[in-house]
Every structure is written in C-alpha cells, then in structure tokens.
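Accompanying notes for the structure given below.
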Amino acid sequence: MRRRDVFVLPMAVAAGCGSRPRVKARVSITRCPNYGPAVYDKVRSILVRHGVKARGKRVVLKPNLVDFPFGKPVNTHPVVVHAAVEAFRALGAAEVLIAEGPGHRRETLDIADSAGYFQEIIGLDRMFVDLNLDEPVKVRIAHPRSTLDALYVARTAMSADLLVSLPKMKTHHWVGATLGMKNLFGTVSGGVYGWPKNILHWPGISKCIVDIVSLYPRIFTIVDGIIGMEGDGPLAGVSKPAGVLVAGHDTVAVDATCCRIMGIDPAKMDYLKLARTSAALSADNIEQIGETISAVETQFELMPKFQRLRI
Amino acid sequence: MDEIEDHTSGLSELFRLQNRDGGWGHVPGGSSWTEPTGLALLALRAWRETGFEYTAGLRWLRGLVRSDGGYAPHPSVETSSWVTCLALLLAPEDGIAAGHAIGWVMQVAPRDSNRLRLLYLWLRGSSDELAMRRLRGWSWFPETTAWVTPTALTVLALEHARKAGIPCQEDVRMRADEGRRSLLARMCPDGGWNYGAKTALGVNLAATPETTGQALLALAGATRVAQPTAAVANALLRNTRSPAAAAWLRLGLHANGLPAAGAGHIRRAARTRIIDVAMPLLWAAAAEGRNVFREAAS
Chain R
304 MRRRDVFVLP
314 MAVAAGCGSR
324 PRVKARVSIT
334 RCPNYGPAVY
344 DKVRSILVRH
354 GVKARGKRVV
364 LKPNLVDFPF
374 GKPVNTHPVV
384 VHAAVEAFRA
394 LGAAEVLIAE
404 GPGHRRETLD
414 IADSAGYFQE
424 IIGLDRMFVD
434 LNLDEPVKVR
444 IAHPRSTLDA
454 LYVARTAMSA
464 DLLVSLPKMK
474 THHWVGATLG
484 MKNLFGTVSG
494 GVYGWPKNIL
504 HWPGISKCIV
514 DIVSLYPRIF
524 TIVDGIIGME
534 GDGPLAGVSK
544 PAGVLVAGHD
554 TVAVDATCCR
564 IMGIDPAKMD
574 YLKLARTSAA
584 LSADNIEQIG
594 ETISAVETQF
604 ELMPKFQRLR
614 I
Chain C
943 MDEIEDHTSG
953 LSELFRLQNR
963 DGGWGHVPGG
973 SSWTEPTGLA
983 LLALRAWRET
993 GFEYTAGLRW
1003 LRGLVRSDGG
1013 YAPHPSVETS
1023 SWVTCLALLL
1033 APEDGIAAGH
1043 AIGWVMQVAP
1053 RDSNRLRLLY
1063 LWLRGSSDEL
1073 AMRRLRGWSW
1083 FPETTAWVTP
1093 TALTVLALEH
1103 ARKAGIPCQE
1113 DVRMRADEGR
1123 RSLLARMCPD
1133 GGWNYGAKTA
1143 LGVNLAATPE
1153 TTGQALLALA
1163 GATRVAQPTA
1173 AVANALLRNT
1183 RSPAAAAWLR
1193 LGLHANGLPA
1203 AGAGHIRRAA
1213 RTRIIDVAMP
1223 LLWAAAAEGR
1233 NVFREAAS
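The structure is reproduced here in structure tokens:
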C-alpha cells in the first residue's frame, strides 16, 4: 500500500458510506436520416420511451428560431416541431404552444414563415407565442453562477407545465456548441432587455446558460441533429448531417451526449462544467438508450479557438 | 402605402387594439407595454387624433414614470430603460415630465463605453473597437452595451426636446451629436445598420431593415447618405415582409430626401404586432409632411 492510499482510501470509503447510489440520467439517441414522415413516429416513440407525462398539461415547445435561414440550417426544422406538436397532442396534452424569442431579430413570425413553419404546421398563428413580446415575470435565480440575481422571462415559458427545448444541433462561435441548454436563452424577455439580450453577455454566457436552465424545473429536450451546423455556428456555419434526434429529461445530460456525438468533450465545455462535475458528466453516469454514441458520432468541424474542446 | 389603404382603417385598427387600461400591448390582447403605447400615441398625434383614446393612453404612460425620471418598459419591470425616449418624443404633452426624462436620458451611459472597458480595449490594442466604444450611444437596458435602435431613437428624442425648448442642464446638442457619431461608427460594411455589430469574429455582418431605417432617420440632416447606404436600404425595403420595418426604412429614406423602392411582399396576414399598425401610420403621416420624429427639428 502506498502512503497516498492511506489518505485517499479512507476518504473514498467515507464518501461512499451512507450516500445514495447516483441515479443515472437517461438519454436516448434515435437515428433519423432525414426530415421525412418517419420523424413523426420517432418523436412519438421518444416520448413513450422516456415516460413523458403530458395528459392534461400545458406544453410549451421552444424551438430554435434565430434568423432568416437563407439556405442554412440555422433553425429547428418545422417537421421536428410539428412532430412534437402531434406527439404531445396524442399523449393528451391540454394545450400545446410553440414559443420563441429570438435574440437579434424582432420579426419572429416572419422568421418562422421563412423557415417553413406556416407550411408545415397548420394553425401556427393560433399556437405561436413571441416570447420577447410576452408578459414578463421577474424570477429570482436561487443559486446564481453569474452576477445576476434575477431575470425577466416570458410568462408563457415560466407557467408551462412542461417546457420542451427543441434546439438545433449547432456549433457556436462564443460557447462552442448551442444545444438544449443554450436554447433557453430565447425565454428571456427581449421586450425588457432588447435585441440582443446583452444582459446575458456581460456576466458570462456560460454562467447565464446555467442560471437560465435553473429557472425551469420541468424540461424535456429533443435535439434536432438530423441536419446540424458545424464551423462558425450558430449562423455562418455549414450543414452537417448527423442523422440523430437526442432526447431526455435531463438537459445537461442531453447536451453532454450531443457533445460526444459532435466530437466534443463535454468535460471541457465551460457551461457544462459549471452545471455538473466531470464525474457526473461522464458517459458512465448517463444511461444511453437507443443507438450508441460510437455508432452515430461524427466530428463537427470546430473553429480554431475551440480545437481544445476535442475529445 | 402598403398594408393600409388609407389612414382611417389604420386608425380604426389602433383604436380597436387599445387595451382597457389605455395602453397598447405588443400583440393584440397582450398586456400594455411602453414601446407600442408610445408609438401608438405618436401615430395618433401625427393624425391629430388627440381625443379620449389619446388622453387615456397618455394617462397609462404617465403611470410608468419612475422616481429617477425614466420610464419602465412594462408595469412589472422595476427599472427605467430606453423607452424613456418615446415619452420624451411625446413631450411636452400634459403630464409628461420632460425635464426629468431628459435628465435620465442624459445621465445614463452604456457599459461598453465606461472607463474600465476603454482601458481594457486600449491595453488589448483593439484600436478600431476602442474608437467605436469611445462614442457613447444608448443601451436597451441599463448597464449593458449601446445598440442602434435605442441610440437612434434617443438621438431623435434629444433633438425633439432641444427644439421644443425643454430645459436641460447638460449640452443636449453635443450628446446627440455623439450619439449620431456612434451610429456612424456602427455602420455595417454593406452601408446599412443591424442591431449594432459590424463584424463578429472577423466575419462581416449584414444590415437589417428596421435598424437601417432608424439609423437613417436619426442621421438625417447631419450626414450625407452615401450611395451604398441608399442602395442597401432600398434592397432591404424590397425584401422585408414587416410593415413596421418597411415604415422605418421609408421614414429614413424620406428624411434624407432619397427615393424609396416599392416594397416587396409585405405581410398581409392578420397583424401580429401593434407596431405593425402604428409604424405605417407614422410613415403615412410623414409622407404628408408630418414626421413626428423630426417635427420640432424641422
């Protein structure tokens, strides 16, 4: 026995004594090569597999609608959003809304239209909420990582029985990647803070990502990784087909899994490190169902400054 | 005029969308906010509709004033913000405490122009950004960066206040000039303006319609508009679907004496935002010689 073990082992034993076994977060990876009709069955199966309870609930779907696409995969595909609408309705949701609050553009519905949402989702105008123009509510951040102690967020998001984060799988030129957690920036009120929501940049984007996610106790995430974006995301990158939908109740675990699929080490991502310890982020602590990461992983091209994030 | 065949239908729509509390929401049926209320009141004034609905709206707006003289963006928000400039544009209407409002506008400074930030940029050798940040614009929300929309509208409000003789201890003209120079420093490489960033990590960013129109309006009379700017503004006008953005572009081009292209396919679905009703009314009035953003200045 080494001298080091005399100190380390008792501590390890003490740490294990009386502690409950860690419950693994369950994350599913579903192969989905294109935006054809099969997406609908796959999304429905995802919800069933994860035991999502939606009966009688007010479900708010929060896609990533960031800008006019001009042929680039910048926004969550409308088929994925529509599939989620149908799936939650099939589960008996009392109400399903689609809501977004873009950070830089004010013409939210025009962006949705140019992204094909009106064509795909009949009655969109009756179920769509521009979160930037929604009534703001001030919410205290219980344990802030940033210097913010409260934020004004959209009432529709805050009052949802279930908030469903529907991001696009993309790289991000400030954070490394934008996935389920970063997608929730869109719930912060642009009507209060403006365009862009610069209130979130000064304290540090990574810290604010964690703070914003902490405001929502009931989240389910489905990441549109069928065709993602690599390179200079979230707007100027290029298409990257990953052919997957990644989902789970634990948004941190979903993001960690997406990072691994993209060839990024989640333990090196600043916002994930703030959310959880390296041990908790490890693949051993995530119950992966469906496809394995190795079966679907595909390296997303990263900007030079993010090469350090590689697995 | 797109969207509104004549101003009477637009005014009827505005009256119909007014909330019971006298204000206007961002969207029909939504709770009242300062921005759409301010723009709706300016539109009513532009068309000389200053009766019951107008006074009810002013009464609502007066309720948003805060002890520091600024105005909150929404009744539930405990902070004054950029919307103070809209109240200032309405001054000196009854009850709008213009002196306090102008005081708030003059004392607030964007975070990206504070001394520590400028020192940091100087030490980093970021000369271009330092030159830009030295010129103070206005931010959307206190303690954040200056951006095009709040800067442009506040410049217009200061000019209005100065011409209207609203007293202020500070030099309003100098501050407005600085605001205009900060707008020029934020012009995109294509000659227009977006939210306020020319580049992102070395990549040139493109202009967007609403902000290009607002910047042009604020700069009118002070700066000669270059041809690329006029061209990009008209290209944006041909392609935008937003009635509000089209109106801002037309206001900006008109104020600079520039011809405006025919608009593209303006959204003709049910109007989703009150500003999409108010802004075309403001443009229509300007086209008849009543530009409320520049009335006192002209």
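Sequence order for the protein chains is R and C.
Numbering of the first sequence is given in my numbering, commencing with residue 304 and proceeding in unit increments.
Numbering of the second sequence is given in my numbering, commencing with residue 943 and proceeding in unit increments.
We put the beta carbon where it would ideally sit given N, CA and C, even for glycine.
Since the model is a prediction, treat every value here as computed from it, not as a measurement.
Chain C residues whose Cβ lies nearer than 9 Å to that of residue i
{"i": "residue 433 of chain R", "result": "968, 969, 1214 and 1215"}
Chain-ordered chain R contacts of residue i [CB-CB under 8 Å]
{"i": "residue 1143 of chain C", "result": "476, 535 and 606"}
Chain C within 8 Å of residue i, Cβ atoms only
{"i": "residue 441 of chain R", "result": "yes"}
{"i": "residue 455 of chain R", "result": "yes"}
{"i": "residue 502 of chain R", "result": "yes"}
{"i": "residue 420 of chain R", "result": "no"}
{"i": "residue 405 of chain R", "result": "no"}
{"i": "residue 377 of chain R", "result": "no"}
{"i": "residue 539 of chain R", "result": "yes"}
{"i": "residue 410 of chain R", "result": "yes"}
Chain R contact for residue i (CB, 8 Å cutoff)
{"i": "residue 1241 of chain C", "result": "With chain C covering 943 to 1240 only, the question about residue 1241 of chain C has no answer from this structure."}
{"i": "residue 973 of chain C", "result": "yes"}
{"i": "residue 1019 of chain C", "result": "yes"}
{"i": "residue 1232 of chain C", "result": "no"}
{"i": "residue 1187 of chain C", "result": "yes"}
{"i": "residue 1053 of chain C", "result": "yes"}
{"i": "residue 1016 of chain C", "result": "yes"}
{"i": "residue 1089 of chain C", "result": "yes"}
{"i": "residue 1137 of chain C", "result": "yes"}
{"i": "residue 1086 of chain C", "result": "yes"}
beta-carbon residue i near the ligand ADP non-hydrogen atom, thresh 7 Å
{"i": "residue 1144 of chain C", "result": "With respect to small molecules bound, the structure shown includes none, and the ligand ADP cannot be examined in it."}
Contact list for residue i against chain C, beta-carbon separation under 7 Å
{"i": "residue 413 of chain R", "result": "1183, 1184 and 1209"}
Short Cβ contact (8 Å threshold) for residue i with residue j
{"i": "residue 500 of chain R", "j": "residue 378 of chain R", "result": "no"}
{"i": "residue 464 of chain R", "j": "residue 521 of chain R", "result": "yes"}
{"i": "residue 518 of chain R", "j": "residue 572 of chain R", "result": "no"}
{"i": "residue 547 of chain R", "j": "residue 483 of chain R", "result": "no"}
{"i": "residue 534 of chain R", "j": "residue 474 of chain R", "result": "yes"}
{"i": "residue 596 of chain R", "j": "residue 564 of chain R", "result": "yes"}
{"i": "residue 1184 of chain C", "j": "residue 413 of chain R", "result": "yes"}
{"i": "residue 1051 of chain C", "j": "residue 1078 of chain C", "result": "yes"}
{"i": "residue 363 of chain R", "j": "residue 466 of chain R", "result": "yes"}
{"i": "residue 343 of chain R", "j": "residue 386 of chain R", "result": "yes"}
{"i": "residue 1026 of chain C", "j": "residue 1054 of chain C", "result": "no"}
Three-way DSSP call (helix, strand, coil) for residue i in this model
{"i": "residue 533 of chain R", "result": "strand"}
{"i": "residue 962 of chain C", "result": "coil"}
{"i": "residue 1146 of chain C", "result": "strand"}
{"i": "residue 600 of chain R", "result": "coil"}
{"i": "residue 371 of chain R", "result": "coil"}
{"i": "residue 1045 of chain C", "result": "helix"}
{"i": "residue 388 of chain R", "result": "helix"}
{"i": "residue 957 of chain C", "result": "helix"}
{"i": "residue 301 of chain R", "result": "The question about residue 301 of chain R has no answer, for chain R in this structure spans 304 to 614."}
{"i": "residue 986 of chain C", "result": "helix"}
{"i": "residue 590 of chain R", "result": "strand"}
{"i": "residue 431 of chain R", "result": "strand"}
{"i": "residue 1121 of chain C", "result": "helix"}
{"i": "residue 442 of chain R", "result": "strand"}
{"i": "residue 1196 of chain C", "result": "helix"}
{"i": "residue 462 of chain R", "result": "coil"}
{"i": "residue 979 of chain C", "result": "helix"}
8 Å Cβ cutoff, residue i in contact with chain D
{"i": "residue 436 of chain R", "result": "Although the question refers to chain D, the structure presented lacks it and instead comprises the protein chains R and C."}
Cross-chain neighbours of residue i in chain C, by beta carbon under 8 Å
{"i": "residue 381 of chain R", "result": "None at all; the shortest Cβ gap to chain C is about 17 Å."}
Partner residues on chain R for residue i, Cβ-Cβ distance less than 9 Å
{"i": "residue 1082 of chain C", "result": "493, 495, 496, 497, 498, 499, 500, 501 and 502"}
Listed by chain order, chain R residues near residue i by CB distance under 7 Å
{"i": "residue 1152 of chain C", "result": "409"}
(request) Determine, using beta-carbon pairs with one atom in the region 1153-1168 of chain C and one in the region 1182-1200 of chain C, whether at least three such pairs fall under 8 Å. (result) yes
(message) Taking 8 Å as the cut-off, does the region 973-980 of chain C touch the region 595-611 of chain R (at least 3 CB pairs, one atom from each stretch)?
(response) no
(request) Count the CB pairs spanning the region 1033-1042 of chain C and the region 1104-1111 of chain C that are closer than 8 Å, and state whether there are at least three. (result) yes
(request) Check whether the region 996-1010 of chain C touches the region 416-425 of chain R, taking contact to mean three or more Cβ pairs, one atom from each stretch, closer than 8 Å. (result) no
(message) Across the region 519-532 of chain R and the region 332-340 of chain R, are there enough close Cβ pairs to call them in contact, namely three or more that are closer than 8 Å?
(response) yes
(request) Check whether the region 491-511 of chain R touches the region 1074-1093 of chain C, counting contact only when three or more Cβ pairs, one atom from each stretch, lie closer than 8 Å. (result) yes
(message) So, does the region 1215-1227 of chain C touch the region 946-966 of chain C, judging by three or more C-beta pairs under 8 Å?
(response) yes
(message) With three or more C-beta pairs closer than 8 Å as the rule, is the region 1168-1188 of chain C touching the region 1116-1135 of chain C?
(response) yes
(request) Report yes or no: do the region 393-403 of chain R and the region 440-451 of chain R share at least 3 C-beta pairs separated by less than 8 Å? (result) no
(message) Assess contact between the region 1108-1121 of chain C and the region 1132-1149 of chain C, defined as three or more Cβ pairs (one per stretch) separated by less than 8 Å. Is contact present?
(response) no
(request) Determine contact between the region 584-591 of chain R and the region 559-576 of chain R, defined as no fewer than three beta-carbon pairs at a distance below 8 Å. (result) yes
(request) Please determine if the region 1012-1025 of chain C and the region 425-443 of chain R are in contact, where contact requires at least 3 C-beta pairs separated by less than 8 Å. (result) yes
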